[in-house]
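Asker: The structure follows.
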Amino acid sequence: MVRNILVIEDEKDLNRYLRELLTDNGYSVQSATKGTEALEIIKKTEPDLILLDLGLPDIDGENICRQIKKEHPDLPIIILTAKDGVSNIVHGLDIGADDYMTKPFDGDELLARIKARLRKMPGSATKFKIADLELNPINHEVQRANKPLRLTPQEFKLLHYLMVNKGRILTRDMILSRLWDSSPDIETRVVDVYIGYLRKKIDADFDKKLLCSVRGFGYMIKE
């Protein structure tokens, strides 16, 4: 089956390069140079993956990312941007992006990232429960002690990965590989940042702590 990729990039030369690169590698490609144009395309035919430039002329790329993820939570989005700071990467993932590539980037690396994202299957229908913490991968809801918790898309993915591996130590490299495909643009300290975010949301207001740090190894979740 031919996969359809939507390129949202206002820089004409880069847009053309991406279309040619993807077409030459067997993908069906649609492209847009404006946010409004991209949203119309998505309404008519949902793509399998989106390459999104944040600096669009009409609608802020961050708002587009949030809107797409709200309506299509399992649709993979790879952000393309010139900003390469850790805070920029964390923010890009917080707004719902599945991966983050800094410009200029290597075409082969981009193709590898795309293949990795398209290989990932939607989450299992199984609900997960550890103590009084519950996660539903279908409706993306999390609650503890019957209290709903609001997680960003990347926080949800991290918690899901930890709960699937309940009682198992996950190293930073394992988490980086699972959530970000060992992206060279994303350092292992981003994992620590997200663990900190997650800990505040699932443990801070409760006496029993579920998310554990294993010094020198990584992290685990256990009852």
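Residue numbers (our numbering): 2 to 224. For each residue, glycine too, the CB sits at the ideal point set by N, CA and C.
Taking the alpha helix (DSSP H) that residue 54 falls in, what are its first and last residues?
Answerer: From DSSP, residue 54 is part of no alpha helix (DSSP H) but of the beta strand (DSSP E) over 50–54.
Asker: Of the residues 134, 195, 181, 79, which one's Cα is nearest the Cα of residue 104?
Answerer: With distances taken between Cα atoms, residue 104 lies closest to 79.
Asker: Out of 73, 156, 138, 224, point me to the one whose CA is closest to residue 201's CA.
Answerer: Cα-wise, what sits closest to residue 201 is 156.
Asker: Can you list, in chain order, the residues of its chain with a C-beta nearer than 6 Å to that of residue 210? Leave out the 5 residues immediately preceding and following it.
Answerer: Closer than 6 Å at the Cβ level, and outside the excluded window around residue 210, lie 204.
Asker: When DSSP builds the beta bridges, which residues end up paired with residue 5?
Answerer: Paired residue(s): 29.
Asker: For residue 108, which residues in the same chain have their Cβ closer than 6 Å to its Cβ, ignoring the five residues on either side in sequence?
Answerer: Taken in chain order, the residues that qualify are 22.
Asker: Would you mind sorting residue 129 into buried or exposed? The rule is 16 or more other CB atoms within 10 Å of its CB.
Answerer: Per the 10 Å Cβ criterion, buried.
Asker: Going along the chain, which residues of its own chain have a beta-carbon closer than 6 Å to the beta-carbon of residue 24, five neighbours each way excluded?
Answerer: So the qualifying residues of the chain are 30.
Asker: State buried or exposed for residue 139, treating a residue as buried only when at least 16 other CB atoms are found within 10 Å of its CB.
Answerer: It counts as exposed.
Asker: So, under 8 Å CB-CB, residue 58 and residue 11 are touching, yes? Tell me the CB distance rounded to an integer number of Å.
Answerer: Right, their Cβ atoms sit about 6 Å apart.
Asker: Roughly how many whole angstroms lie between the Cα atoms of residue 170 and residue 100?
Answerer: Residue 170 and residue 100: Cα-Cα distance of roughly 24 Å.
Asker: Under 8 Å between the Cβ atoms of residue 295 and residue 154?
Answerer: Nothing can be reported for residue 295: it is not among the residues displayed for the chain, which extend from 2 to 224.
Asker: To the nearest angstrom, how far is it from the Cα of residue 190 to the Cα of residue 197?
Answerer: So the alpha carbons of these two residues sit roughly 11 Å apart.
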